[in-house]
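Read through the structure below, which is laid out as structure tokens, and then see the notes.
Numbering (the working numbering), first residue to last: 91 to 442.
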């Protein structure tokens, strides 16, 4: 696919698709493009705005229809549906509604039918392709396709091969697998409820404390138990929001990061933002990073994403400990106390 003949709409579709995939799959997709087109896609992805869910679903749907593993699975499922319809038509067809409901209740993997695809993938993640294929064959076709699409391309191919070769399973085996997966799902739900209840209780205590006491508690947690403090403040700070930081706060964040991490994070960022960051770093460090940005070779999108995620996490922890100043709206976003006097004060970098 040459960039000379790719229009903006096609590029945007690829960018939206890449933005919707996990890092490993996104890299596999980009590696199939020629270098020039891949760079176009990466550059466009760096400046991608908020994507409407309807557009995202349309792009993913178009990709699924074009993807060979998924297409093969959908075709197999359509054939299975036709066989089921043919089998049903041979019967007299006069069934009472209560009999149909009773039949539905006997279908295997009922517990998984009410769960979103992401959770099902987590439950099946450690299973063999043969087991995953057996489960998908017993789920509604639309749900099965959605689950399959969330596995890596390599896993998709293995699962589809097993679906094609799938034979009638022993009902006892199916029931045992159904019971095991339902129990696994139940354990996950109970564990999440316990975690949510615990975090909610602590968050409620902090929120109900006197303002100074609450801030002191958050400061202490940020200093001595940053992992706990992080659970009390939603992790929603994004690298793209760094443009709203003041120069001193930017310097504090990027000075604490490894230069290689900074180089990866700045790759593909707007030139003006790169300049702002480099101006806050020691001259020798800034010159080295600037040189690395000019000479850097092919970069994996997953590496850039990971570098930016780590910097955003670092900024969150610094904000929790009040070591950097972030705009009031971002403090509210992170559910941090907004202190007008602190926002107006001058932050300085720690030396030594």
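Here a beta-carbon is modelled for each residue, glycine too, at the ideal position from N, C-alpha and C. Computed from a predicted model, the values in this text were never measured in an experiment.
Pick from the options that is closest to residue i, judged by C-alpha positions
| i | options | result |
| --- | --- | --- |
| residue 327 | 402, 249, 349 and 353 | 402 |
| residue 130 | 423, 400 and 388 | 388 |
| residue 349 | 365, 376 and 364 | 376 |
| residue 271 | 214, 243 and 248 | 214 |
| residue 210 | 102, 219 and 238 | 238 |
| residue 98 | 111, 121 and 127 | 127 |
| residue 408 | 203, 341 and 262 | 341 |
| residue 245 | 267, 217, 263 and 266 | 217 |
| residue 147 | 124, 111 and 120 | 111 |
| residue 240 | 212, 265, 361 and 263 | 212 |
| residue 201 | 143, 144, 267 and 262 | 267 |
Spatial neighbours of residue i in its chain, beta-carbon cut-off 8 Å, leaving aside the 5 residues before and after
| i | result |
| --- | --- |
| residue 138 | 105, 106 and 109 |
| residue 344 | 352, 367, 370, 371 and 401 |
| residue 121 | 128 |
| residue 264 | 198, 224 and 228 |
| residue 125 | 388 |
| residue 143 | none |
| residue 362 | none |
6 Å CB neighbourhood of residue i in its chain, flanking five on each side removed
| i | result |
| --- | --- |
| residue 339 | 414 and 415 |
| residue 398 | 329 and 355 |
| residue 430 | Per-residue confidence for residue 430 stands at a pLDDT of 45, beneath the threshold of 50, marking its modelled position as unreliable; no derived number is given. |
| residue 136 | 358 |
| residue 445 | Nothing about residue 445 can be read from this structure; the chain reaches only from 91 to 442. |
Presumed contact (8 Å Cβ cut-off) between residue i and residue j, rounded CB distance
| i | j | result |
| --- | --- | --- |
| residue 231 | residue 198 | At roughly 15 Å, the Cβ-Cβ gap does not stay under 8 Å, so residue 231 and residue 198 are not in contact. |
| residue 116 | residue 385 | Not a contact, Cβ separation roughly 24 Å. |
| residue 347 | residue 404 | 7 Å |
| residue 207 | residue 242 | Their Cβ separation, rounded to whole angstroms, is 15 Å, which puts residue 207 and residue 242 out of contact at 8 Å. |
| residue 406 | residue 424 | 7 Å |
| residue 219 | residue 248 | 4 Å |
| residue 81 | residue 334 | The first residue shown for the chain is 91 and the last is 442, placing residue 81 beyond what the model contains. |
| residue 203 | residue 233 | 7 Å |
| residue 103 | residue 149 | 5 Å |
Proximal residues to residue i (C-beta, below 7 Å), its chain only, five neighbours per side dropped
| i | result |
| --- | --- |
| residue 390 | 117 |
| residue 101 | 130, 131 and 134 |
| residue 336 | 415 |
| residue 205 | 275 |
| residue 380 | 368 |
| residue 357 | 383, 386, 389 and 394 |
| residue 331 | 420 |
| residue 182 | Because residue 182 sits at a pLDDT of 48, beneath the cut-off of 50, its placement in the model cannot be relied upon, and the following sentence gives the value as read from the coordinates. Hits under 7 Å: none found. |
| residue 396 | none |
| residue 378 | 349 |
| residue 171 | In this predicted model, residue 171 has a pLDDT of only 43, less than 50, meaning its place in the structure is not dependable; the value taken from the coordinates is given anyway. These residues qualify, in order along the chain: 231. |
| residue 145 | 106 |
| residue 373 | none |
Q.
My parser needs the alpha helix (DSSP H) runs of 4 or more residues fully inside the segment 365-436; what are they?
A. You should have 373-385, 391-410, 418-423 and 430-434.
(Q) Closer than 8 Å is the cut-off here; do at least three beta carbon pairs connect the segment 215-223 with the segment 246-260? (A) Short answer: they touch.
Q: Just list the alpha helix (DSSP H) runs in the segment 326-359, keeping only unbroken ones of 4 residues or longer that don't cross its boundaries, in chain order.
A: List check, alpha helix (DSSP H) in window: 337-345 and 349-356.
Q | Whole runs of the alpha helix (DSSP H) within the segment 190-247, excluding any shorter than 4 residues | A | Within the segment 190-247, the runs of alpha helix (DSSP H) at least 4 residues long that lie entirely inside it are, in chain order, 200-203, 207-214, 219-227 and 231-239.
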